[in-house]
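Peer 1: Residue numbers (UniProt numbering), protein chains in the order written: chain A, 1 to 332; chain B, 1 to 647.
Glycine is no exception: its CB is placed at the ideal position from the N, C-alpha and C atoms.
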Amino acid sequence: MLGYVTRRILIMIPTLLAISAITFVIIQLPPGDYLTSMVNEMQSRGESMDQGRLAMLRETYGLDRPMIEQYALWLAGMLRGDFGYSFEYNMPVSDVVGDRLVLTVVISVATIIFIWGVSFPIGIYSATHQYSLGDYTLTLLGFLGLAVPNFLLALVLLYLANVWFGTSIGGLMDPRFLGQPWSVPKAMSVLEHMWIPVMVIGTAGTAAMIRRLRANLLDELHKPYVVTARAKGLPPGRALWKYPLRVALNPFISDIGNLLPQIVSGAAVVSVVMSLPTTGPMLLQALRSQDMYLAGSFLMFLAVLTVVGVFLSDLALAALDPRIRLGGGSRR
Amino acid sequence: MSRTLLRVEDLKVDFHVPGGVVSAVRGVSFRVKAGSTVALVGESGSGKSVAAQSILRILPRSAAITGGRILFDPQAADGDPVNGDAINGNGANGNGGLIDIAGLKADGTTMRALRGGQISIIFQEPMTSLSPLHTIGDQVGEAVQLHQRVTAKQARALAEDMLRRVRFPDPRRALDTYPFELSGGLRQRAMIAMALVCRPALLIADEPTTALDVTIQAQILKLIKDLQADLGMAVLLITHDLGVVANLAEEVVVMHRGRVMESGTREDIFADPRHPYLKALLNAVPRFDMAPGERLVPIRSITSTGGSLLEKDHQPWSPTADEAGPLLAVDGICKRYGARKAGWFGAKAGAGTLAVDDVSFSIKRGECVGLVGESGCGKTTLSKILMRALTPDHGTVRFNDHGRIVDVLGLEGDALTAFRRKVQFVFQDPYGSLNPRMPVFDIIAEPLVIHGIGDEAERKARVKELMGLVGLDVRHLRRYPHSFSGGQRQRIGIARALALRPELLLLDEPVSALDVSIQAQVLNLLKDLKERLGLTYLFVSHNLAVVDYMADRILVMCRGRIVESAPREALFRNPVHPYTRALLAAVPEPDPSRPLSLTDLEEGRASDPARWPAPFTIDEAHQPHLVDLGNGHCVRAEASVRVKEVA
Chain A
1 MLGYVTRRIL IMIPTLLAIS AITFVIIQLP PGDYLTSMVN EMQSRGESMD QGRLAMLRET
61 YGLDRPMIEQ YALWLAGMLR GDFGYSFEYN MPVSDVVGDR LVLTVVISVA TIIFIWGVSF
121 PIGIYSATHQ YSLGDYTLTL LGFLGLAVPN FLLALVLLYL ANVWFGTSIG GLMDPRFLGQ
181 PWSVPKAMSV LEHMWIPVMV IGTAGTAAMI RRLRANLLDE LHKPYVVTAR AKGLPPGRAL
241 WKYPLRVALN PFISDIGNLL PQIVSGAAVV SVVMSLPTTG PMLLQALRSQ DMYLAGSFLM
301 FLAVLTVVGV FLSDLALAAL DPRIRLGGGS RR
Chain B
1 MSRTLLRVED LKVDFHVPGG VVSAVRGVSF RVKAGSTVAL VGESGSGKSV AAQSILRILP
61 RSAAITGGRI LFDPQAADGD PVNGDAINGN GANGNGGLID IAGLKADGTT MRALRGGQIS
121 IIFQEPMTSL SPLHTIGDQV GEAVQLHQRV TAKQARALAE DMLRRVRFPD PRRALDTYPF
181 ELSGGLRQRA MIAMALVCRP ALLIADEPTT ALDVTIQAQI LKLIKDLQAD LGMAVLLITH
241 DLGVVANLAE EVVVMHRGRV MESGTREDIF ADPRHPYLKA LLNAVPRFDM APGERLVPIR
301 SITSTGGSLL EKDHQPWSPT ADEAGPLLAV DGICKRYGAR KAGWFGAKAG AGTLAVDDVS
361 FSIKRGECVG LVGESGCGKT TLSKILMRAL TPDHGTVRFN DHGRIVDVLG LEGDALTAFR
421 RKVQFVFQDP YGSLNPRMPV FDIIAEPLVI HGIGDEAERK ARVKELMGLV GLDVRHLRRY
481 PHSFSGGQRQ RIGIARALAL RPELLLLDEP VSALDVSIQA QVLNLLKDLK ERLGLTYLFV
541 SHNLAVVDYM ADRILVMCRG RIVESAPREA LFRNPVHPYT RALLAAVPEP DPSRPLSLTD
601 LEEGRASDPA RWPAPFTIDE AHQPHLVDLG NGHCVRAEAS VRVKEVA
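(1) Any C-beta of chain A within less than 7 Å: which residues of the region 110 to 121 of chain B qualify?
(2) Does the region 438 to 451 of chain B come into contact with the region 285 to 302 of chain B, if we say contact requires no fewer than three beta-carbon pairs (one atom in each stretch) closer than 8 Å?
(3) Buried or exposed, going by whether 16 or more other CB atoms sit within 10 Å of the CB of Trp182 of chain A?
(4) For Ala195 of chain B, which of helix, strand or coil comes out of DSSP?
(5) Taking C-beta pairs closer than 8 Å, name the residues in chain B that Arg214 of chain A reaches, listed in chain order.
(6) Alpha carbon to alpha carbon, how far is Phe616 of chain B from His577 of chain B? Give it in angstroms, no decimals.
(7) Give me, in chain order, the residues of the same chain whose beta-carbon lies closer than 7 Å to that of Ser94 of chain A; leave out the 5 immediate sequence neighbours on both sides.
(8) Within 10 Å of its beta-carbon, does Trp164 of chain A have 16 or more other beta-carbons around it, so buried, or fewer, so exposed?
(9) What are the boundary residues of the beta strand (DSSP E) that Asp135 of chain A is part of?
(10) In angstroms with no decimal places, state the Cα-to-Cα distance between Phe87 of chain A and Tyr34 of chain A.
(11) Could you tell me whether the region 624 to 633 of chain B touches the region 558 to 569 of chain B, using the rule of 3 or more Cβ pairs below 8 Å?
(12) Is the Cβ-Cβ distance between Gln490 of chain B and Pro439 of chain B less than 8 Å?
(13) Would you verify that the beta carbon of Asp321 of chain A is, or is not, closer than 8 Å to some beta carbon of chain D?
(14) Measure from the C-beta of Gly233 of chain A to each C-beta in chain B and report whether the shortest distance is under 8 Å.
(15) Counting only beta-carbon atoms, is Ile58 of chain B nearer than 8 Å to chain A?
(16) Pull up the distance between the alpha-carbon of Ser24 of chain A and that of Leu146 of chain A, whole angstroms please.
(17) Within a Cβ cutoff of 7 Å, which residues of the same chain sit near Thr381 of chain B, ignoring the five residues on either side of it in sequence?
(18) May I ask you to list, following chain order, the residues of the region 226 to 253 of chain A that have a beta carbon less than 8 Å from some beta carbon of chain B?
(19) Using 8 Å as the threshold, is the region 193 to 204 of chain A in touch with the region 151 to 168 of chain A, meaning 3 or more CB pairs across them?
(20) In chain A, which residues lie less than 9 Å from Asp107 of chain B when you measure between Cβ atoms?
(21) Quick check for students: name the residue ranges of the beta strand (DSSP E) that lie wholly in the region 31 to 87 of chain B, counting only runs of 3 or more.
(22) Shorter than 8 Å from the beta carbon of His147 of chain B to some beta carbon of chain A?
(23) Starting from Arg165 of chain B, trace the alpha helix (DSSP H) in both directions and tell me its first and last residue.
(24) Throw me the rounded Cβ distance for the Arg26 of chain B and Arg259 of chain B pair, which I believe falls under 8 Å.
(25) Would Ser131 of chain B count as contacting chain A if we go by Cβ distances under 8 Å?
(26) Mapping the DSSP letters down to three states, classify Leu283 of chain A as helix, strand or coil.
(27) On the DSSP bridge list, what partners appear for Leu11 of chain B?
(28) Can you list, in chain order, the residues of its chain whose CB lies under 7 Å from that of Met67 of chain A, leaving out five sequence neighbours each side?
(29) What span of residues does the beta strand (DSSP E) with Lys335 of chain B cover, start to end?
(30) For Pro224 of chain A, return the contacting residues in chain B, with the cut-off set at a CB-CB distance below 7 Å.
(31) Only counting the same chain, and skipping five residues up and downstream in sequence, which positions put a Cβ closer than 6 Å to that of Ala39 of chain B?
(32) How far does the beta strand (DSSP E) with Gln124 of chain B in it extend, from its first residue to its last?
(33) Taking 8 Å as the limit between beta carbons, can you name the residues of its chain near Thr135 of chain B, skipping five residues before and five after?
(34) Determine, for Leu141 of chain A, whether the minimum Cβ-Cβ distance to residues of chain B falls below 8 Å.
(35) On the three-pair Cβ rule with 8 Å, is the region 279 to 299 of chain A touching the region 1 to 18 of chain B?
(36) Among B:Asp473, B:Leu469, B:Phe441, which one has its Cα closest to the Cα of Lys460 of chain B?
The structure is reproduced here in structure tokens:
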């Protein structure tokens, strides 16, 4: 097992390297760089820029060097914890991202908990009461959640929260806490605002998860070992918990790795609509203005999240399922 | 001891399915005396399993008991001292009277206490009937803890004791193993241990050995018999295998379409079957003592029609073509599995297992060669190599294509595609081998489409003819596989294989998933087709009686090697190799006067080449080759005088 873990960790290194290379190349693919898009913008406003100053800027940021060298510099910087410099914000990338990253992680984790907390009981109920009124109702609700566009749901919920609870529109906290140091009332305000984005971002995932758990569990419920459990005299509840549910969990866990980046990147539209201070909108803007180090860092952040997430879910799977832990391809 | 333990009276069970109600059991009555063995016999769909599930009240949700009583007498087994504790420890019903199981709540406490405590069940599929995620110790111990007031530690000890009783080689270690780490036979033993750990008064064995090899089956049957004597329990045996019935049961109840056709003691039933259904069932089973040329009589026979279209563009064999050699010549095939390629950081590659070891044989045109062996002996691997689905490590396969010898393993591109028309495959599992989302027409026409044969009208005519050829109704061409029975699906598979008019059919266990009556039907069909179209078969099976019925020449395979090969009559009249003898001895015959000699079967020894007696031993020091005994009878042994003596 220990060998497996080390092997997996070691394999993550080349994976991440490959991702970083691809990321860097893709960011560089559009013609020009940040400076050309800046010059263009200034020209459209009728301003001009001194060529000498441009050349100086090019040199300081290393934009005139070959791509491979720029990549090497960027990579070396990241290893030291230096993610480069954001042209647009005129700040080191880590300073720009810092707070947003924390809030993004908070919202993502809350969303995952929401997805699991809601889809689990509903999925189990739907599977064990297949084709009942409750199953149909919940299924309908799930499909509604899947079908309603997120931004629409976001607007409706924002309106309702404002009318019913007096919550301020948009953002992740009341405007008066912006720029303030963290305090208990500020945290409370975040909590008060957070449920809407969590629900909005989570609905689609929840609906999909309900369907999957229902399908998985329905498959398992008809397996002979469930009959065996009943034939032993196990009460129905325990016979459900101990056997089919555990097997049906596998796809759930193997999905954690995909869920994380999906939530982080999929929430961009919602974040724009609700003006959430998360990473999504910033990534979008950085990509548009070719703010390459900022965009690159974001993409790397997503990549690390995916790779680590898959690794963790593989570990969890191995811990939960002896066939994976001990089988090792020896099955016929 | 002869008190009635269980009495089923006029039991009726209905299934509610979309489109109406199906009566699976329509008024079945029988009884089981304490300590005795009763067999419920019938084909699939006869309602025998449903009746058994009713006794445990573990019917699927769509089924309901609509009439009758199931009376269980918890006191009946009290005469037996071993049973006392288990029953009184957490007694189901203190009033001492009969319990009507049909009237209990299916998941109520009384029923739950009976289930697993006093009545328990073992199923057909030992792999899927055990949870893959829990250890054997957990699953067996859980049964104890449900029914007796014991600590987890005591439960573990009891489980270990029970595993010892079912002859686990190392019971303590077995507690912490998972089902997938065990062989099929050991899994079924674990299942039996789980069923018996609470010392039930009645064990329901639902096709307990159907999924197992013959030698393992014989061991499990012996085990059930021994444990029954040991624990004094009654057994309700559910099976379609009359051979198993003849060896185990004292009383027999024959079911057909939800009704009891005939019942009586084993001797009466086998000596004097009265009901036409039972007579028909007995006639449908292949036996070793069948007269030459005798045909099986299926319960519902099918007629095969047509064949002219298929023959139209089939090039006839010239008289000289056969002189070039046999249709298929296999020489020195070896295939090693499991030597996993080490990845970047991968574990060291192991030696792997030798699935096929130096196999050589040939098939003459028009012959049916039987390949017999237990699961894991390499017979399926071999058949896949022959059709180029797997590549062997060594060896050659030569095919005689109308006098032109083709090196099968060297074929590439168009030549390989052309070769595919000559050799086709029929699979074991009629459920898994047909695409459930394709109508039958598309399934049968697919080979024609792939090889670009005929236009649409031509294909239509051909598919219709193929349907007639396998005795299916052409009006069903638009249906999907799920609306056909297992036997019908297998016939669809055969029709698909015949679509290209191959020379050689590889039949991989074509009837092992079918009921006996259907089996006879398909076997007869295959025989007729072979005769009519002049086909050549390689018939792979673990069932010796079936191979005996079909084949002209038989190869016996064990651990990847052919250990004996002989013409059919010679092999059964005079088996030389100890493995062949063990296989033959393990087949239960549907004749009570010839019981299995269960004591002869030593656990697992028969299929271990290192433990075969000299001159058959195969180990590091001894690597015997096939020795010709004359008349085409070969056996793998050290070339010495002693072989001839044995023969």
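Peer 2: Inspection of the coordinates gives the following:
(1) Arg112, Ala113, Arg115, Gly116, Gly117, Ser120, Ile121
(2) The region 285 to 302 of chain B and the region 438 to 451 of chain B do not touch, with fewer than three beta-carbon pairs separated by less than 8 Å.
(3) exposed
(4) Reduced to three states, the DSSP call for Ala195 of chain B is helix.
(5) Here the premise fails: no neighbours, minimum Cβ distance about 16 Å.
(6) 7 Å
(7) Cβ neighbours of Ser94 of chain A within its own chain (closer than 7 Å, five residues either side excluded): Phe83.
(8) exposed
(9) Where Asp135 of chain A is concerned, there is no enclosing beta strand (DSSP E), although the alpha helix (DSSP H) it sits in stretches over 133 to 147.
(10) Between the alpha carbons of Phe87 of chain A and Tyr34 of chain A lies a distance of about 7 Å.
(11) Yes, since at least three Cβ pairs between the region 624 to 633 of chain B and the region 558 to 569 of chain B fall closer than 8 Å, the two stretches touch.
(12) no
(13) Here chain D cannot be found, since the structure's protein chains are A and B.
(14) yes
(15) yes
(16) Sequence check: residue 24 of chain A is Phe here, not Ser. The straight-line gap from Cα to Cα measures roughly 34 Å.
(17) Lys335, Ala355, Val356, Leu390
(18) Val227, Thr228, Ala229, Arg230, Ala231, Lys232, Gly233, Leu234, Pro235, Pro236, Lys242, Tyr243, Arg246, Val247
(19) Judged by Cβ distances under 8 Å, the region 193 to 204 of chain A makes contact with the region 151 to 168 of chain A, as three or more pairs qualify.
(20) Arg230, Pro235, Pro236
(21) 37 to 41, 63 to 72
(22) yes
(23) 152 to 165
(24) Between Arg259 of chain B and Arg26 of chain B the Cβ distance is about 6 Å, and since that is below 8 Å, they are a contact.
(25) yes
(26) helix
(27) In the DSSP secondary-structure assignment, Leu11 of chain B is bridged to B:Val28.
(28) Gln28
(29) 328 to 337
(30) Ordered by position in chain B, the residues that pass the 7 Å Cβ test against Pro224 of chain A are Phe123, Glu125, Thr128, Ser129.
(31) Leu237, Val245, Ala249, Val252
(32) It is not in any beta strand (DSSP E) - Gln124 of chain B carries neither H nor E in the DSSP assignment.
(33) Leu175, Asp176, Thr177, Tyr178
(34) no
(35) no
(36) B:Phe441
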